[in-house]
Amino acid sequence: MAGLVLGVLAAGRAAAFEPGSLGDAYRDTGYVQGCTDGGELPGCTIIAGGSQFVVPADGPTPPEVMAKLRAAPKLSWIEFRGDLLNIFDSYGELALGAFDAAPEADPYNDLVTAAQGDWVSTDDPKAKVVVDGLIWRDVYDGEDVAQSVISFGDTCAEGASGGRLLELFEVGSAEPASLCFSVVGIDAGRMELVYLPRGNALVFERP
252 MAGLVLGVLA AGRAAAFEPG SLGDAYRDTG YVQGCTDGGE LPGCTIIAGG SQFVVPADGP
312 TPPEVMAKLR AAPKLSWIEF RGDLLNIFDS YGELALGAFD AAPEADPYND LVTAAQGDWV
372 STDDPKAKVV VDGLIWRDVY DGEDVAQSVI SFGDTCAEGA SGGRLLELFE VGSAEPASLC
432 FSVVGIDAGR MELVYLPRGN ALVFERP
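Here our numbering is used: the first residue of the sequence shown is 252, the next is one more, and so on.
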């Protein structure tokens, strides 16, 4: 799993289960993607380092922790710890032991915030992108083409580094795949990326 592994959370928060007693213990910082009561797996999702962690509604997460997670605003930047119950192709199932606001500010908050919503390619008006939280959805001529998890950082899985980078981890791909982009800029009306290592420019504007 990609992501920054953190130290012990602030003392005083009692754990309802011992770390590592339900699965592999895991600590990280990430974003609250949101919660749902429907679908195949009702619960809440946290996204960290390009990985999705689903906290099942009927899982072993303490009720008070689950209630706190449900109440957290979307895209809250949190420090969390729990046990990995299962790892699937597109997500990990997590028993959440505790979480709180991350002690350090999110260095990519401006990009995450600016990227939200609908975008249209300046090269092809049929090619659109929808960014919902840390989920990137490619749409062409009104049809969904692909869905990916977004990760902002200064390095990519394939080795690119330097500057502010955006990496997309495709969901449901037969083989693990990621795309790395250098962020030229993202603001209220324009998103400009450069695909690495080829150098192709991708420019999107609001519809």
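Virtual Cβ for every residue (Gly too), placed ideally from N, Cα, C.
Note to self: Using CA atoms only, rank isn't needed, just tell me which of Gly-301, Pro-324, Val-400 and Thr-280 is closest to Ala-356.
What the structure shows: Locating residue 356 in the sequence shown gives position 105, where the first residue counts as 1. The shortest C-alpha separation from Ala-356 is found at Thr-280.
Note to self: With a threshold of 7 Å on Cβ separation, who are the neighbours of Arg-321 within its own chain once the five nearest residues in sequence on each side are excluded?
What the structure shows: Along the sequence shown, one-based indexing puts residue 321 at 70. Once the five neighbours on either side are set aside, the close Cβ partners of Arg-321 are Cys-286 and Cys-295.
Check: Which residue comes first and which comes last in the alpha helix (DSSP H) that contains Arg-321?
Finding: Within the sequence shown, the letter at position 70 stands for residue 321. Arg-321 -> alpha helix (DSSP H) spans 314 to 322.
Next item on the list: Ignore the nearest five residues each way along the sequence and tell me which others in Ser-412's own chain have a CB closer than 7 Å to its CB.
Entry: Within the sequence shown, the letter at position 161 stands for residue 412. Counting only residues of its own chain and dropping the five nearest sequence neighbours on each side, Ser-412 has a CB closer than 7 Å to the CB of Asp-405 and Thr-406.
Notebook entry, point to check: What residue from Glu-421, Leu-417 and Val-381 has the CA that sits closest to Tyr-391's CA?
Noted result: Taking the first residue of the sequence shown as 1, we reach residue 391 at position 140. For the set Glu-421, Leu-417 and Val-381, the Cα lying nearest the Cα of Tyr-391 is the one of Val-381.
Checklist line | CA-to-CA distance, Leu-417 to Glu-443, given in whole angstroms | finding: As a first step, residue 443 is located in the sequence shown; it is residue number 192 there, counting from the start. As a first step, residue 417 is located in the sequence shown; it is residue number 166 there, counting from the start. Each residue's Cα considered, the two are about 11 Å apart.
Item checked: Alpha-carbon to alpha-carbon, Ala-378 and Arg-388 -> Counted from its first residue, the sequence shown places residue 388 at position 137. Counted from its first residue, the sequence shown places residue 378 at position 127. Using only the alpha carbons, I get a separation of about 11 Å.
Next item on the list: Classify Val-305 as buried or exposed, calling it buried when 16 or more other Cβ atoms lie within 10 Å of its own Cβ.
Entry: Numbered from 1 along the sequence shown, position 54 holds the residue referred to as residue 305. Val-305 should be labelled buried.
Check: Which word fits Thr-339, buried or exposed, when buried means at least 16 other C-beta atoms lie within 10 angstroms of its C-beta?
Finding: As a working mapping, residue 339 is identified with position 88 in the sequence shown. A small fix is needed here, since residue 339 is Phe in this sequence, not Thr. Under this definition Phe-339 is an exposed residue.
Note to self: Between which two residues does the beta strand (DSSP E) holding Val-363 run?
What the structure shows: The sequence position of residue 363 within the sequence shown is 112, counting from 1. Note, Val-363: premise wrong, no beta strand (DSSP E); alpha helix (DSSP H) at 360 to 366.
Next item on the list: From the DSSP output, read off the bridge partner residues of Ser-327.
Entry: Against the sequence shown, residue 327 aligns to sequence position 76. In the DSSP output, where bridge partners are listed per residue, Ser-327 has none listed.
Margin query: Please report the straight-line C-alpha distance between Ala-262 and Ala-352, rounded to a whole angstrom.
Written below: The residue given as residue 262 occupies position 11 in the sequence shown. The residue given as residue 352 occupies position 101 in the sequence shown. Only weak support exists for where Ala-262 lies, its pLDDT of 32 falling under 50; the value from the coordinates is given anyway. Whole-angstrom Cα-Cα distance: 14 Å.
Notebook entry, point to check: Buried or exposed: where does Arg-449 fall if 16 or more other Cβ atoms within 10 Å of its Cβ makes it buried?
Noted result: For the purposes of this step, residue 449 is identified with residue 198 of the sequence shown, where counting begins at 1. Per the 10 Å Cβ criterion, exposed.
Margin query: What does the alpha-carbon distance come out to for the pair Ala-314 and Asp-374?
Written below: Indexing the sequence shown from 1 puts residue 314 at position 63. Indexing the sequence shown from 1 puts residue 374 at position 123. Checking the displayed sequence, the identity of residue 314 turns out to be Pro instead of Ala. Just so you know, the alpha carbons of Pro-314 and Asp-374 end up roughly 49 Å apart.
Checklist line | C-alpha distance - Ser-372 paired with Asp-361, whole-angstrom precision | finding: Residue numbering aside, residue 372 sits at position 121 when the sequence shown is read from its first letter. Residue numbering aside, residue 361 sits at position 110 when the sequence shown is read from its first letter. Each residue's CA atom was taken as its position, placing Ser-372 and Asp-361 some 21 Å apart.
Next item on the list: Mind reading off the beta-carbon distance from Ala-267 to Gly-348? Whole number of angstroms is fine, and I expect it under 8 Å.
Entry: Start at 1 with the first residue of the sequence shown, and residue 267 comes out as number 16. Start at 1 with the first residue of the sequence shown, and residue 348 comes out as number 97. Cβ-Cβ separation between Ala-267 and Gly-348: approximately 7 Å, consistent with a contact (criterion under 8 Å).
Item checked: C-beta atoms of Ile-298 and Val-400 nearer than 8 Å -> Your numbering for residue 298 matches position 47 in the sequence shown. Your numbering for residue 400 matches position 149 in the sequence shown. Contact flag set, yes.
Checklist line | Val-422 - DSSP class collapsed to helix/strand/coil | finding: Mapped onto the sequence shown, residue 422 falls at position 171. If DSSP states are grouped into helix, strand and coil, Val-422 belongs with coil.
Notebook entry, point to check: In whole angstroms, what is the alpha-carbon distance linking Asp-309 and Asn-451?
Noted result: The sequence position of residue 309 within the sequence shown is 58, counting from 1. The sequence position of residue 451 within the sequence shown is 200, counting from 1. Looking at the two C-alpha atoms, the distance is approximately 45 Å.
Checklist line | First and last residue of the uninterrupted beta strand (DSSP E) at Tyr-277 | finding: If you number the sequence shown from 1, residue 277 lands on position 26. Counting along the chain, the beta strand (DSSP E) containing Tyr-277 begins and ends at 275 to 287.
Notebook entry, point to check: Taking the alpha-carbon positions, what's the Phe-350 to Glu-344 distance?
Noted result: As a position in the sequence shown, residue 350 is number 99, starting the count at 1. As a position in the sequence shown, residue 344 is number 93, starting the count at 1. If you draw a straight line from the Cα of Phe-350 to the Cα of Glu-344, it comes to about 16 Å.
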